[in-house]
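The structure appears right after this line, and notes come after that.
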Amino acid sequence: MSLALLSLAALCWGAASLEPTIQCGSENGPSPEWKVHHALTPGDLWELRVEPVKTRVALEEYSLLMNISWILRADASIRVLKATKICVTSKSNFQSYGCVRCNYTEAFQSQTRPSGGKWTFSYIGFPIELDTVYFVGSYNIPTANMNEDGPSLSVNFTSPGCLDHIMKYKQKCIEAGSLWDPNITACKKNEKMVEVNFTTSPLGDRYMALIQSNAVLGFSTVWEKKLTRTSVVIPVTGESEGAVVQLAPYFRTCGHDCIRRKGTVVLCPKTSFDNTLDNNRRVLGDWLPLLLLALLVVTWVLVVGIYLQRRHERIKQTSFPDTTLLPPIRVLVVYPSEICFQHTVCYFTEFLQNHCRSEVILEKWQKKKIAEMGPVQWLTTQKKAADKVIFLLSNDVNTMCDGTCENSEGSSNENSQDLFPLAFNLFCSDLRSQTRLHKYMVVYFKEADIKDGYSALSVCPKYHLVKDATAFCRELHSKQRVSRKKVTSLPQLLTLLLAHS
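Numbers given in this note's numbering equal positions in the sequence shown, counted from 1, plus 13.
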């Protein structure tokens, strides 16, 4: 009995050891079997799959490779199958090509596995790059004879970007902030303020926080070098509850093309101080009638006292304030559509408001009025209301706006028309008048030549920011006059009148 069991075990072990496996190696040229005529050749694969897989190459460093798996077709041709060849072609800026041949260690004795199911194999190799399309082709060996149709199976595989749960471990993605979790919280403090809290990253020291709904409601730049929890209060120009807060970091390796993070604005929770105020309000409500009555009595006494005091005044002196606050200057900014709104126009607007005490008019913020009035009427009205009209030019076409900003909310090309040519044509006549020329200015950020179609702008004062920032702000207020009224008492006024009578 024991001898029979040992014999049976030996037979099972021998059968298991004969199950085919694969041995893979590089083979970029034609297979040797292609030159030989074969009476029988295998069919194509039943299925071919490709997926990314993460492998550790060093401490805290990973490599991303293709996991290519295939299933053999369960038919009689499997008995002549010797190998399977896999070729991968990348369709990126730098096209690459490579093949690997996987030989089967044993001849197939059955169409399916002894344990059941089709024969399945896999190979891990071929490094993966970010956002790249790959063409993966396969065919069985021996191949079809010359002048015969060779069976093959192929698939397309597109590698994901840095936000993928596997690709985010790639070193390039890590440097762009794929593992950075800012844990953004944003709450509406009141109708004009939103508080944004987030965790900074040691990868950089500058961040821009934008509040967006249908348009940009407000933004602010945060500077912080250390890894810490920081907070910023952003002024907004519209309803902010439910709006999107977008955090754009500027890291050393990716610059303006880093991974952006988003959050949602909610109402700020009430603090214990607010609860105390509510309790105080309830208590105050009980005493409110008595307090109002006392307030009316005190007010009546004060009114009577003031009346009696003024009744006995014999000299009434009227004076006028000797100073007048300098009001902010109104500035209309027009810019061509190729300039990035978020990273050029917004920065320039922030500079005007914070450093030049200016009230800025932008077509981006008045879409509803433009739709109601029409662009021509709107430009005409804003020109009359504005103290200065600035033509914002730049030859620095920001490539990051082609990707990150172009498809985001509030981008410069989103449902808007270019008012720059229309504004130029409407205001061109003023450029020929010396009395109205002082109202117009040209601003640019790099040395730029004015295009031939807008050569009339060459007569306007031109300022290069940030080199000419001081002179630019001084010129903005150069034509503004502040009138000061002289303090004149009533006796002095009577004397002047008598002297001229």
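Positions of the beta carbon are idealized from the N, C-alpha and C atoms, including for glycine.
For the alpha helix (DSSP H) that contains residue i, what are its first and last residues?
i: Arg487; result: Ala482 to Leu489
i: His368; result: Cys359 to His368
i: Thr394; result: Pro388 to Ala398
By the three-class DSSP mapping on this structure, what secondary structure does residue i have?
i: Ala256; result: coil
i: Glu385; result: helix
i: Tyr467; result: helix
i: Thr277; result: strand
i: Val456; result: strand
i: His356; result: helix
i: Leu304; result: helix
i: Gly268; result: strand
i: Thr118; result: coil
i: Glu64; result: strand
i: Ala261; result: strand
i: Glu32; result: coil
i: Thr448; result: coil
i: Ser90; result: helix
i: Thr133; result: strand
i: Trp378; result: helix
i: Arg126; result: coil
i: Leu321; result: helix
i: Gly138; result: strand
i: Gly111; result: strand
i: Trp313; result: helix
State the start and end residues of the unbroken beta strand (DSSP E) segment that holds residue i.
i: Ala436; result: Segment Phe433 to Phe440 is the alpha helix (DSSP H) holding Ala436; no beta strand (DSSP E) there.
i: Val229; result: Val229 to Trp236
i: Asn41; result: Segment: none, Asn41 is in no beta strand (DSSP E) and carries neither H nor E.
i: Pro248; result: Arg242 to Pro248
i: Leu345; result: Ile342 to Val347
i: Leu405; result: Lys401 to Leu406
i: Lys48; result: Here Lys48 belongs to no beta strand (DSSP E), and DSSP marks it neither H nor E.
i: Ala96; result: Ala96 to Lys104
i: Val373; result: Ser371 to Ile374
i: Lys475; result: Lys475 to His477
With hydrogens ignored, establish whether the beta-carbon of residue i is closer than 8 Å to any heavy atom of the ligand COA.
i: Lys239; result: The ligand COA is not among the ligands present in this structure, which contains no ligands whatsoever.
Label residue i either buried or exposed according to how many other C-beta atoms from any shown protein chain fall within 10 Å of its C-beta, with 16 as the threshold for buried.
i: Leu31; result: exposed
i: Lys381; result: exposed
i: Val515; result: Because residue 515 is not part of the residues shown, which for the chain are 14 to 514, the question remains open.
i: Arg265; result: exposed
i: Trp83; result: buried
i: Arg86; result: buried
i: Ser123; result: exposed
i: Gly318; result: exposed
i: Cys441; result: exposed
i: Pro334; result: Confidence at Pro334 is low in this model, with a pLDDT of 34, below 50, so the placement of that residue should be treated as unreliable; the coordinate-derived value is given next. Looking at its Cβ environment, which holds fewer than 16 other Cβ atoms inside 10 Å, Pro334 is exposed.
i: Tyr515; result: Since the first residue shown for the chain is 14 and the last is 514, residue 515 is missing from the structure and cannot be characterised.
i: Gly276; result: buried
i: Val229; result: buried
i: Arg487; result: exposed
For residue i and chain C, any beta-carbon pair shorter than 9 Å?
i: Leu61; result: Of the chains in the structure shown, none is chain C; there is only one protein chain.
Beta strand (DSSP E) segments (min. 3 residues) lying fully within the segment 140-224: 146-154, 166-171, 198-203 and 206-212
If we count Cβ pairs, one from each stretch, closer than 8 Å, do we get three or more for the segment 190-210 versus the segment 237-253? yes
Just checking, does the segment 177-195 make contact with the segment 309-326 on the three C-beta pairs under 8 Å criterion? no
Give a yes or no on contact between the segment 98-108 and the segment 202-217, applying the rule of three or more CB pairs nearer than 8 Å. no
For the 8 Å Cβ check, are there 3 or more pairs between the segment 214-224 and the segment 233-253? yes
Using 8 Å as the threshold, is the segment 140-159 in touch with the segment 38-52, meaning 3 or more CB pairs across them? yes
Determine contact between the segment 370-380 and the segment 452-459, defined as no fewer than three beta-carbon pairs at a distance below 8 Å. no
Does the contact criterion of 3 or more C-beta pairs under 8 Å hold for the segment 159-167 versus the segment 175-190? no
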